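Colleague: Dropping a structure here in structure tokens format, bear with me for questions.
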Amino acid sequence: MTTFHVPDMSCGHCKAAIEKALHALDPNAAVRVDLSARTVSVETPQTEASILAALKGAGYEATRA
Numbered sequence: 001m002t003t004f005h006v007p008d009m010s011c012g013h014c015k016a017a018i019e020k021a022l023h024a025l026d027p028n029a030a031v032r033v034d035l036s037a038r039t040v041s042v043e044t045p046q047t048e049a050s051i052l053a054a055l056k057g058a059g060y061e062a063t064r065a
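Those letters in the sequence shown? Residues 1 to 65, by the UniProt record's numbering.
Written as structure tokens, this is what we have:
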């Protein structure tokens with residue numbers, strides 16, 4: 001599982017948008033969102049670059065945590 005820091009994530013809407021973007025990339029991805037830590041953990045065969053691109057496409061800049 002790869003974890004990313006998403007500093008602008010702060011609410012349930014953010015969580016839903018991120019989960020939707022990552023499941024669009026890989027419907028079978030395991031996604032864990034921690035709003036208080038502002039992290040997203042993803043288990044998927046997709047590349048880190050494609051995950052970051054999906055997050056950016058949803059409006060969230062992220063870095064590997």
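In this text, a Cβ means the ideal position worked out from N, Cα and C, and glycines have one as well.
As the structure is a computational prediction, the values presented were derived from the model and not from experiment.
Taking the runs of the beta strand (DSSP E) that are 3 residues or longer, which of them lie wholly in the UniProt domain "HMA" (1 to 63)?
Modeller: You should have 2 to 5, 30 to 34, 39 to 43.
Colleague: Have a look at 5, 54, 47, 35 and flag the residue whose alpha-carbon is nearest the alpha-carbon of residue 22.
Modeller: The residue labelled residue 22 in the question sits at position 22 within the sequence shown. Nearest of 5, 54, 47, 35 to residue 22, Cα basis: 54.
Colleague: Going by alpha carbons, who is nearest to residue 31 out of 37, 11, 42, 25?
Modeller: Residue mapping note: residue 31 aligns to position 31 of the sequence shown, counting from 1. Among 37, 11, 42, 25, the Cα nearest to that of residue 31 is on 42.
Colleague: Could you tell me which of 45, 28, 35 sits nearest to residue 16, measuring between CA atoms?
Modeller: Walking along the sequence shown from the start, residue 16 turns up at place 16. Nearest C-alpha to residue 16: 35.
Colleague: By Cβ distance, which residues of its chain are closer than 8 Å to residue 11, with the 5 residues on each side in sequence left out?
Modeller: As a first step, residue 11 is located in the sequence shown; it is residue number 11 there, counting from the start. For residue 11, where only same-chain residues beyond five positions count, the Cβ hits under 8 Å are 35.
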